[in-house]
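First residue of the sequence shown? That's 1 in the UniProt record's numbering, and the numbers climb one at a time after it.
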Amino acid sequence: MTALGVGAKSHIPPQLTLLQKLHLLTRIVVSLPRLIFGITRDLLFNRDSASFRTICMRNTARVAATLPLSQARALQRPSGYTIASLCKAHNLRHETVELDAGATFPRATLHFIDCDPTARSSGKNVLLYFHGGGYISPLSTGHFKFARAAAQRLHAKCALLEYTLAPELKYPGQLAQAAAALRFLLTDHDAADITIAGDSAGGNLALGVLAHLREPHPLVRPVFEDEGEGEGEGEGQQRQLRAALCISPRCANECDAASYTYNASKDIVSKATMELFNSNWEPVKEEVWATPLAGGKEFWGSVHAKKVLLLAGTDEVYVDDIRQFGELLGSSSADTELVLCAGEIHAQAISDIAVDNWDGVMLKVALNWLQNLGDTKSRNYDHL
Numbered sequence: 001m002t003a004l005g006v007g008a009k010s011h012i013p014p015q016l017t018l019l020q021k022l023h024l025l026t027r028i029v030v031s032l033p034r035l036i037f038g039i040t041r042d043l044l045f046n047r048d049s050a051s052f053r054t055i056c057m058r059n060t061a062r063v064a065a066t067l068p069l070s071q072a073r074a075l076q077r078p079s080g081y082t083i084a085s086l087c088k089a090h091n092l093r094h095e096t097v098e099l100d101a102g103a104t105f106p107r108a109t110l111h112f113i114d115c116d117p118t119a120r121s122s123g124k125n126v127l128l129y130f131h132g133g134g135y136i137s138p139l140s141t142g143h144f145k146f147a148r149a150a151a152q153r154l155h156a157k158c159a160l161l162e163y164t165l166a167p168e169l170k171y172p173g174q175l176a177q178a179a180a181a182l183r184f185l186l187t188d189h190d191a192a193d194i195t196i197a198g199d200s201a202g203g204n205l206a207l208g209v210l211a212h213l214r215e216p217h218p219l220v221r222p223v224f225e226d227e228g229e230g231e232g233e234g235e236g237q238q239r240q241l242r243a244a245l246c247i248s249p250r251c252a253n254e255c256d257a258a259s260y261t262y263n264a265s266k267d268i269v270s271k272a273t274m275e276l277f278n279s280n281w282e283p284v285k286e287e288v289w290a291t292p293l294a295g296g297k298e299f300w301g302s303v304h305a306k307k308v309l310l311l312a313g314t315d316e317v318y319v320d321d322i323r324q325f326g327e328l329l330g331s332s333s334a335d336t337e338l339v340l341c342a343g344e345i346h347a348q349a350i351s352d353i354a355v356d357n358w359d360g361v362m363l364k365v366a367l368n369w370l371q372n373l374g375d376t377k378s379r380n381y382d383h384l
């Protein structure tokens, strides 16, 4: 069931008491010297030639990780509020659809930006975007701006999923909501018209969706319910998504990769933040829908997307896991590509576009790839 309306929220910001507000203010004030010291130290001993913005970002992320989640949530607006505010500021049409993710999961909201969610558009590209944030943080301005730019390059309708955050919703709840979003889009569009994309946890969710198309999670409603999903030839394999773009996707839920050590001082993600993410999300680490690397070459040899692009920064802690997953995907039937962006950190495409820096390698590669996808589709329809 779906319905046009205001929609379900990613989270409800807690109302802090006066004492809690004073406690939060005290934490922020006490953290300032640590933040200033960290930035100063990194500027003086900048062995990795990081930009001033990157140095500020990674030190801010380290300090922010020490805040209790309940206090951090009080400072964060729900994803839908951010989307609505940005649409209003830029005079963009904004429509929402409430999604039923199943009896055991809460509803989610699918946001359509500057397009009609009810229009039947055979042959029209659609971008379904999943934002990052470790499954515990809402959509940011950077996520919104990237999704808009990506949809424009793809010549596509733009749909943003407002999923419920952890710990209010734990694994595999977000996968159920993402599958519901895809089912809704498939009522008016062919699978070959749909591109899914995401960064960080959103990239993990995009890969989780691909895994769910390959083999449905036992607790989550299948997407292609009229077909035999998974292995085998025939109709099920013909219904492939147009493409999948995964920016710095979380491919593992352990911190065993060497890059967690050699990039520890460079990235905005750390072992501490991973512990924060996982303690709230509570993934089943042995399951492929949570941990893409848990699937072997046989599993990932059949991917329900015609093209897949994986992006990682060489200075991020996820890079070794992403490289390893890229090797798994290399044997698949899909046209897959892994691009390592020299000197860039975790999901830098999102942080770059947030401040209107269009010169980053990761951002350029992502948008150019999408541009080529959109242009190819347009040329194909021109010849019909």
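Glycine included, each C-beta is placed from N, C-alpha and C at the ideal position.
Bridge partners of Thr109, per DSSP?
Taking the first residue of the sequence shown as 1, we reach residue 109 at position 109. Thr109 is bridged to Glu98, Glu162.
Using alpha carbons as the reference points, say which of Ala258, Glu254, Leu185 lies closest to Ala272.
Counting from 1 along the sequence shown, the entry for residue 272 is found at position 272. When only C-alpha atoms are compared, the closest one is Glu254.
Locate the alpha helix (DSSP H) running through Cys87, then write down its first and last residues.
Here residue 87 refers to the residue found at position 87 when the sequence shown is read from its first residue. 79–89 is the span of the alpha helix (DSSP H), which, as asked, contains Cys87.
Exposed or buried, what is Ser137 when buried is set at 16 or more other beta-carbons lying within 10 Å of its beta-carbon?
Within the sequence shown, the letter at position 137 stands for residue 137. Buried, since its Cβ has 16 or more Cβ neighbours within 10 Å.
Keeping to the same chain, check which residues put their C-beta closer than 6 Å to that of Thr141; ignore five residues upstream and five downstream.
Translated into positions along the sequence shown, residue 141 becomes position 141. For Thr141, where only same-chain residues beyond five positions count, the Cβ hits under 6 Å are Ala354.
Which runs of the alpha helix (DSSP H), 4 residues or longer, sit entirely within the stretch 239–285?
If we require 4 residues or more, the alpha helix (DSSP H) runs fully inside the stretch 239–285 come out as 259–262, 271–281.
State yes or no: is the C-beta of Thr336 within less than 8 Å of the C-beta of Val308?
Translated into positions along the sequence shown, residue 336 becomes position 336. Translated into positions along the sequence shown, residue 308 becomes position 308. Yes. Within cutoff.
Excluding five sequence neighbours on each side, which residues of the same chain lie with their C-beta closer than 6 Å to the C-beta of Ala151?
The residue labelled residue 151 in the question sits at position 151 within the sequence shown. Leu127, Cys158.
So if DSSP puts Thr195 in a beta bridge, which residue, or which two residues, is it bridged to?
Here residue 195 refers to the residue found at position 195 when the sequence shown is read from its first residue. According to DSSP, Thr195 bridges with Leu127, Ala243.
If you measure between the beta carbons of Leu161 and Ala89, is that distance less than 8 Å?
Along the sequence shown, read from residue 1 onward, the residue named residue 161 stands at position 161. Along the sequence shown, read from residue 1 onward, the residue named residue 89 stands at position 89. Cβ atoms of Leu161 and Ala89: not closer than 8 Å.
Can you tell me the Cα-Cα spacing of Lys285 and Ala206, whole angstroms?
Translated into positions along the sequence shown, residue 285 becomes position 285. Translated into positions along the sequence shown, residue 206 becomes position 206. Rounded to whole angstroms, Lys285 to Ala206 spans 17 Å at the Cα level.
Across which residues does DSSP place Cys341 in a beta bridge pair?
Within the sequence shown, the letter at position 341 stands for residue 341. For Cys341, which the question treats as bridged, DSSP gives the partners Gly313.
Starting from Lys297, trace the alpha helix (DSSP H) in both directions and tell me its first and last residue.
Taking the first residue of the sequence shown as position 1, residue 297 is located at position 297. Run containing Lys297: 297–300, per the alpha helix (DSSP H) assignment.
Just to confirm before moving on: does the CB-CB distance between Leu175 and Gly208 stay below 8 Å?
What you label residue 175 is simply residue 175 of the sequence shown in a count that begins at 1. What you label residue 208 is simply residue 208 of the sequence shown in a count that begins at 1. Going by C-beta atoms, Leu175 is nearer than 8 Å to Gly208.
Closest by CA to Glu327, which one among Glu282, Ser279, Cys251?
In the sequence shown, the residue the question calls residue 327 occupies position 327. Cα-wise, what sits closest to Glu327 is Cys251.
Do Tyr135 and Leu110 have their CB atoms nearer than 8 Å?
Looking up residue 135 in the sequence shown gives position 135. Looking up residue 110 in the sequence shown gives position 110. No, they are not a contact pair.
Which partner residues does Val308 have in the DSSP bridge list?
Here residue 308 refers to the residue found at position 308 of the sequence shown. Per DSSP, Ala244, Thr336.
Flag this pair as touching only if the stretch 61–76 and the stretch 19–34 have three or more C-beta atom pairs under 8 Å; answer yes or no.
Verdict: yes, contact present.
Count the other C-beta atoms from every protein chain shown that fall within 10 angstroms of the C-beta of Trp281, then say buried if there are 16 or more, exposed otherwise.
In the sequence shown, the residue the question calls residue 281 occupies position 281. So Trp281 counts as buried.
Is it buried or exposed, Val30, if we count other Cβ atoms within 10 angstroms and call 16 or more buried?
Indexing the sequence shown from 1 puts residue 30 at position 30. Exposed, because fewer than 16 other Cβ atoms sit within 10 Å of the Cβ of Val30.
Mind reading off the beta-carbon distance from Leu245 to Leu370? Whole number of angstroms is fine, and I expect it under 8 Å.
For the purposes of this step, residue 245 is taken as the residue at position 245 of the sequence shown. For the purposes of this step, residue 370 is taken as the residue at position 370 of the sequence shown. The pair is a contact, with the Cβ atoms about 7 Å apart (cut-off 8 Å).
Quick one: what does DSSP say Ala119 is sitting in, helix, strand or coil?
Residue mapping note: residue 119 aligns to position 119 of the sequence shown, counting from 1. In the structure shown, Ala119 sits in coil (DSSP, three-state: anything other than H, G, I, E or B).
Can you tell me where the alpha helix (DSSP H) with Lys21 in it begins and where it stops?
The residue labelled residue 21 in the question sits at position 21 within the sequence shown. Here the alpha helix (DSSP H) through Lys21 covers 18–44.
Helix or strand or just coil, what does DSSP make of Ala156?
Residue mapping note: residue 156 aligns to position 156 of the sequence shown, counting from 1. Here Ala156 sits in strand by DSSP.
Below 6 Å CB to CB, which residues in the same chain sit around Pro117 once its five sequence neighbours on both sides are set aside?
Start at 1 with the first residue of the sequence shown, and residue 117 comes out as number 117. Same-chain partners within the cutoff: Glu95, Val97.
In this structure, does DSSP put His217 in helix, strand or coil?
For the purposes of this step, residue 217 is taken as the residue at position 217 of the sequence shown. His217: coil per DSSP, three-state reduction.
Please return the same chain residues whose Cβ sits closer than 6 Å to the Cβ of Phe325, not counting the five positions on each side in sequence.
For this step, residue 325 is matched to residue 325 along the sequence shown. If we look at Phe325 and ignore the five residues flanking it on each side, its Cβ neighbours are Cys251, Pro292, Leu293.
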